[in-house]
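Read through the structure below, which is laid out as structure tokens, and then see the notes.
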Amino acid sequence: MAINKLVKQSKNGLTTNQNDTWHGVKSVKKAMATVSSGPMYLKERKWSEELHDKVESVATHFHWSIRNSEGDASRLTANLDNIVEHYKGNHKECHSTSRCRTDPNYESKRVIIQSPVAEKLLNSAIKNSIIYKNPNDFRLGRDTFFVESFNNTLNIYEDKRIAFGTEQYKTRSHLGTCHWNENVGREITSITYKRDPKGPRRLKGKKNYKKQTFVFRENIWNRYMKNVFSKRRK
Numbered sequence: 001m002a003i004n005k006l007v008k009q010s011k012n013g014l015t016t017n018q019n020d021t022w023h024g025v026k027s028v029k030k031a032m033a034t035v036s037s038g039p040m041y042l043k044e045r046k047w048s049e050e051l052h053d054k055v056e057s058v059a060t061h062f063h064w065s066i067r068n069s070e071g072d073a074s075r076l077t078a079n080l081d082n083i084v085e086h087y088k089g090n091h092k093e094c095h096s097t098s099r100c101r102t103d104p105n106y107e108s109k110r111v112i113i114q115s116p117v118a119e120k121l122l123n124s125a126i127k128n129s130i131i132y133k134n135p136n137d138f139r140l141g142r143d144t145f146f147v148e149s150f151n152n153t154l155n156i157y158e159d160k161r162i163a164f165g166t167e168q169y170k171t172r173s174h175l176g177t178c179h180w181n182e183n184v185g186r187e188i189t190s191i192t193y194k195r196d197p198k199g200p201r202r203l204k205g206k207k208n209y210k211k212q213t214f215v216f217r218e219n220i221w222n223r224y225m226k227n228v229f230s231k232r233r234k
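Each residue of the sequence shown is one higher than the one before, starting from 1 at the first, in the UniProt record's numbering.
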């Protein structure tokens with residue numbers, strides 16, 4: 001959060017602070033796991049059986065709310081507020097294109113919330129989330145995919161267990177940058193779907209990309225040799 005504060009206090013007007021959606025929703029799932037299961041002596045006090053089937057679906061609701069907020073923090077908050085009503089069977093404020101509004105035969109796959117305790121616990125998990133408390137930091141639905149991808153590539157060239165000198169470090173950073181620039185966004189050849197017991201609802205699959213290329217190495221070598229021969233001719 002220190003980075004958030006630094007960006008927010010920046011007065012250059014060029015940077016808009018946004019947090020990674022995936023990490024924000026991950027904390028929501030953790031909170032939902034706490035209120036959806038637990039020891040029997042805390043049942044209907046600290047957790048409710050009516051919430052046991054809503055951990056993943058509430059996380060999906062958060063993702064949907066962010067993607068459909070149109071960059072408006074107040075709309076994002078309103079979308080999140082409606083989650084409890086949706087699971088209570090009240091779809092009056094649900095999106096007009098949602099199946100619960102368009103299908104006259106719609107029946108929820110989730111247990112309808114009837115217990116005041118379950119409603120209170122779900123409401124608490126939503127409103128105590130970092131996304132609900134800081135909607136401006138999530139309203140654009142940004143993620144850190146490219147940042148993490150670039151960092152993974154740099155780690156190939158800059159082993160954290162080895163202390164490099166300044167020039168060596170710069171050289172390796174440049175090589176890592178060339179490697180990433182050449183291979184980022186390459187085409188997908190296929191998608192592999194595997195059953196994951198930890199994520200039974202995961203249907204996205206693993207993307208299989210085209211083989212990486214290393215043309216940048218040949219280009220560097222050619223430029224180096226060209227420079228060597230040009231000096232000899234002089």
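The beta-carbon is built from N, C-alpha and C at its ideal position, and this holds for glycine as well.
| Asked | Found |
| --- | --- |
| Anyone know if the C-beta pair for E49 and K43 falls short of 8 angstroms? | yes |
| Could you tell me the boundaries of the beta strand (DSSP E) in which N188 lies? | A quick correction: the sequence has Ile, not Asn, at residue 188. Start and end: I188 to T192. |
| Would a C-beta distance cut-off of 8 angstroms place L76 and R142 closer than the cut-off? | no |
| As a quick exercise: from K133, S115 and V111, pick the residue whose alpha carbon is nearest that of V25. | K133 |
| Using 8 angstroms for Cβ pairs, my map puts Y157 next to R186. What's the rounded Cβ distance? | That pair is no contact at about 19 angstroms. |
| Using CA coordinates, which residue listed in R161, L154, V184 and N222 is at the minimum distance from K170? | L154 |
| Using the Cα positions of S65 and N79, report the straight-line distance between them to the nearest angstrom. | 5 angstroms |
| Can you give me the Cβ contacts of A31 inside the same chain, cut-off strictly under 8 angstroms, excluding the 5 residues immediately before and after it? | A125, N128 and S129 |
| Give the range of the alpha helix (DSSP H) segment to which N155 is assigned. | F145 to Y157 |
| Run the CB neighbour count on D72, radius 10 Å, all protein chains shown included, and call it buried at 16 or more, exposed below. | exposed |
| Nearest CA to the CA of T144: which residue from L6, K5 and N17? | N17 |
| With burial defined as no fewer than 16 other Cβ atoms inside 10 Å of the residue's Cβ, what is the status of N105: buried or exposed? | exposed |
| Are there 16 or more other CB atoms within 10 angstroms of the CB of Y87, so buried, or fewer, so exposed? | buried |
| Give the C-beta separation of V184 and N123 to the nearest angstrom, bearing in mind that I take them to be a contact with Cβ-Cβ under 8 angstroms. | Actually they are not in contact, since the Cβ atoms of V184 and N123 sit about 42 angstroms apart, beyond 8 angstroms. |
| How close, in whole Å, do the beta carbons of T21 and H63 come, if the pair is a contact with beta carbons under 8 angstroms? | 7 angstroms |
| By alpha-carbon positions, which one of S37, K46, R45 and H95 ends up nearest to H61? | H95 |
| Closest to A118 by CA distance: which of V7, W47, K231 and F164 is it? | W47 |
| With H, G and I counted as helix, E and B as strand and the rest as coil, what does DSSP make of Y132? | helix |
| Quick one: what's got a C-beta closer than 8 angstroms to C100's C-beta in the same chain, skipping five residues either side? | H86, H91, C94, Y106 and S108 |
| Rounded to the nearest angstrom, what separates F150 and S10 at their Cα positions? | 25 angstroms |
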